[in-house]
């Protein structure tokens with residue numbers, strides 16, 4: 001029976017899920033350096049906010065906290081903060097500390113609703129995040145205001161003092177309006193967001209790998225499926241599916257769709273060397289169905305829903321669904337995207353790829369492919385694609401039918417793909433790749449055939465999935481007009 005995911009990936013229904021954050025960011029507590037005057041100011045502000053029954057700190061509470069923070073910012077940090085603030089703040093951090101509560105901001109970013117609080121079990125009077133972080137008691141309101149200000153200042157000091165940036169470097173790159181247009185983000189904030197989003201295990205196969213996969217898929221699409229795919233592609237793709245197969249890895253996409261972070265992989269139990277959907281498919285916050293296999297089911301279902309609904313009733317952005325599906329089918333075939341939870345799919349295994357420092361996950365994402373391109377394909381991706389296409393029709397021709405088939409006539413079947421990946425990870429990826437080791441020709445030459453076959457399998461299976469979706473759909477291209485609505489990749 002076809003699995004129906006329990007979650008919707010509609011942008012307006014998706015909320016950010018937390019990554020692996022560290023709580024060990026604090027400065028000294030309020031009682032260790034905060035004057036009594038500031039402490040009472042914090043208490044007074046909160047009491048004033050409570051009288052009218054306003055939930056949360058309210059505007060005054062946030063203003064007080066950021067005023068406290070301003071007093072503890074270093075000279076360098078304050079200089080950079082002022083450069084980053086919008087002009088309307090007039091150089092005052094406190095003027096913007098209620099920005100996420102503004103109605104226009106909440107309306108523009110509905111996914112941020114749940115980010116303002118953390119519910120705890122009734123009457124337990126403690127907080128537990130991923131069985132790691134605990135609060136032994138609920139601190140007083142006034143102390144938390146003061147601590148918040150001091151810790152905010154301490155965090156900004158660590159960021160900007162370590163950066164060594166001067167205000168001159170920010171000239172011409174600010175341009176941040178309060179509507180947070182992604183195209184106007186300062187480059188430093190962009191880098192910061194990328195570093196936060198690039199938590200281990202997100203980027204799969206690399207741009208070359210995903211391009212190869214979708215180029216192979218293009219050759220196996222049916223006429224009807226290819227017609228619909230071209231209609232769904234953004235104009236910037238110029239009718240080429242391969243042009244958007246790395247779309248889900250783009251900075252703009254990862255920063256705007258934070259909830260997609262955990263959809264690129266599925267962590268499995270250490271050393272078990274097997275995959276179980278009910279056990280393994282959840283995000284870092286424990287929400288079920290949020291992993292690469294769950295995402296493949298979900299976006300397949302979205303595309304299939306278009307076959308059953310008139311265009312006027314379409315609920316999903318089908319262009320995004322297509323691009324996510326094409327990317328995630330590739331990701332699930334990368335063995336370490338189904339790797340061990342304890343080492344984050346090989347990201348924690350630091351070693352050398354020939355003479356360069358790397359981690360094991362990166363080796364399988366890009367290093368093996370890049371080394372093969374340089375050594376065997378004259379650094380020409382089209383040569384690699386041509387070779388893989390020839391192998392599919394000749395060396396792997398007896399396996400082609402089984403690659404394309406899903407059991408029980410399912411439209412898509414990512415679970416066997418994930419099981420294959422973790423099995424290959426145990427047999428090839430992890431083997432002889434210990435921390436501190438150097439991987440050279442022995443590893444490269446014995447693993448390259450595995451990588452190339454996984455790229456080929458992924459392309460064939462992506463095409464087979466799209467054929468099953470769109471061949472049975474019976475849609476003509478006119479039915480899709482107005483349902484694309486996606487900015488160019």
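Numbering (full-length UniProt numbering), first residue to last: 1 to 489. Cβ coordinates follow ideal geometry from the N, Cα and C atoms, glycine included.
According to DSSP, residue i sits in a beta bridge with which residue or residues?
{"i": "residue 356", "result": "353"}
{"i": "residue 439", "result": "353"}
{"i": "residue 282", "result": "288"}
Pull up the distance between the alpha-carbon of residue i and that of residue j, whole angstroms please.
{"i": "residue 372", "j": "residue 440", "result": "12 angstroms"}
{"i": "residue 321", "j": "residue 458", "result": "17 angstroms"}
{"i": "residue 90", "j": "residue 77", "result": "16 angstroms"}
{"i": "residue 378", "j": "residue 341", "result": "37 angstroms"}
{"i": "residue 426", "j": "residue 410", "result": "28 angstroms"}
{"i": "residue 271", "j": "residue 316", "result": "39 angstroms"}
{"i": "residue 291", "j": "residue 267", "result": "8 angstroms"}
{"i": "residue 473", "j": "residue 228", "result": "10 angstroms"}
{"i": "residue 385", "j": "residue 467", "result": "21 angstroms"}
{"i": "residue 213", "j": "residue 282", "result": "26 angstroms"}
{"i": "residue 74", "j": "residue 80", "result": "10 angstroms"}
{"i": "residue 106", "j": "residue 100", "result": "7 angstroms"}
{"i": "residue 469", "j": "residue 405", "result": "13 angstroms"}
{"i": "residue 223", "j": "residue 471", "result": "9 angstroms"}
{"i": "residue 284", "j": "residue 354", "result": "33 angstroms"}
{"i": "residue 461", "j": "residue 93", "result": "52 angstroms"}
{"i": "residue 344", "j": "residue 114", "result": "26 angstroms"}
{"i": "residue 159", "j": "residue 254", "result": "22 angstroms"}
{"i": "residue 507", "j": "residue 423", "result": "Missing from the structure shown is residue 507; the chain here goes from 1 to 489 and no further."}
Considering Cα atoms alone, identify which of the options is closest to residue i.
{"i": "residue 366", "options": "331, 398, 389, 235", "result": "331"}
{"i": "residue 346", "options": "75, 225, 452, 428", "result": "428"}
{"i": "residue 156", "options": "84, 355, 405", "result": "84"}
{"i": "residue 152", "options": "97, 57, 464", "result": "97"}
{"i": "residue 453", "options": "407, 335, 354, 443", "result": "335"}
{"i": "residue 415", "options": "279, 62, 215", "result": "279"}
{"i": "residue 293", "options": "333, 387, 319", "result": "333"}
{"i": "residue 324", "options": "301, 58, 287", "result": "301"}
{"i": "residue 407", "options": "443, 388, 359, 465", "result": "465"}
What did DSSP end up calling residue i once you bin it into helix, strand or coil?
{"i": "residue 268", "result": "strand"}
{"i": "residue 340", "result": "strand"}
{"i": "residue 287", "result": "coil"}
{"i": "residue 410", "result": "coil"}
{"i": "residue 170", "result": "In this prediction, residue 170 scores a pLDDT of 36, lower than 50, which makes its location untrustworthy; the coordinate-derived value is nonetheless stated afterwards. Note: residue 170 maps to helix in three-state DSSP."}
{"i": "residue 333", "result": "coil"}
{"i": "residue 31", "result": "Residue placement at residue 31 is flagged as unreliable, the pLDDT there being 40, under the threshold of 50; the coordinate-derived value follows with that caveat. Residue state, collapsed to three classes: helix."}
{"i": "residue 91", "result": "coil"}
{"i": "residue 426", "result": "helix"}
{"i": "residue 125", "result": "coil"}
{"i": "residue 473", "result": "coil"}
{"i": "residue 51", "result": "With a pLDDT of 45 at residue 51, under the threshold of 50, the modelled position of this residue cannot be trusted, and the question is left open."}
{"i": "residue 415", "result": "helix"}
{"i": "residue 223", "result": "helix"}
{"i": "residue 325", "result": "helix"}
{"i": "residue 366", "result": "helix"}
{"i": "residue 98", "result": "coil"}
{"i": "residue 240", "result": "coil"}
{"i": "residue 316", "result": "coil"}
{"i": "residue 433", "result": "coil"}
{"i": "residue 86", "result": "coil"}
{"i": "residue 374", "result": "helix"}
{"i": "residue 58", "result": "helix"}
Check: So, do the stretch 382 to 402 and the stretch 290 to 310 have three or more beta carbon pairs nearer to each other than 8 angstroms?
Finding: In short, these stretches do not touch, since the Cβ pair count stays below three.
Next item on the list: Answer yes if the stretch 256 to 266 comes into contact with the stretch 429 to 444, meaning at least three C-beta pairs across the two stretches below 8 angstroms, and no otherwise.
Entry: With the cut-off at 8 angstroms, the stretch 429 to 444 and the stretch 256 to 266 do not touch.
Check: Should the stretch 239 to 250 be regarded as contacting the stretch 205 to 212, the criterion being three or more beta carbon pairs within less than 8 angstroms?
Finding: Contact between the stretch 239 to 250 and the stretch 205 to 212 is present, because at least three Cβ pairs lie under 8 angstroms.
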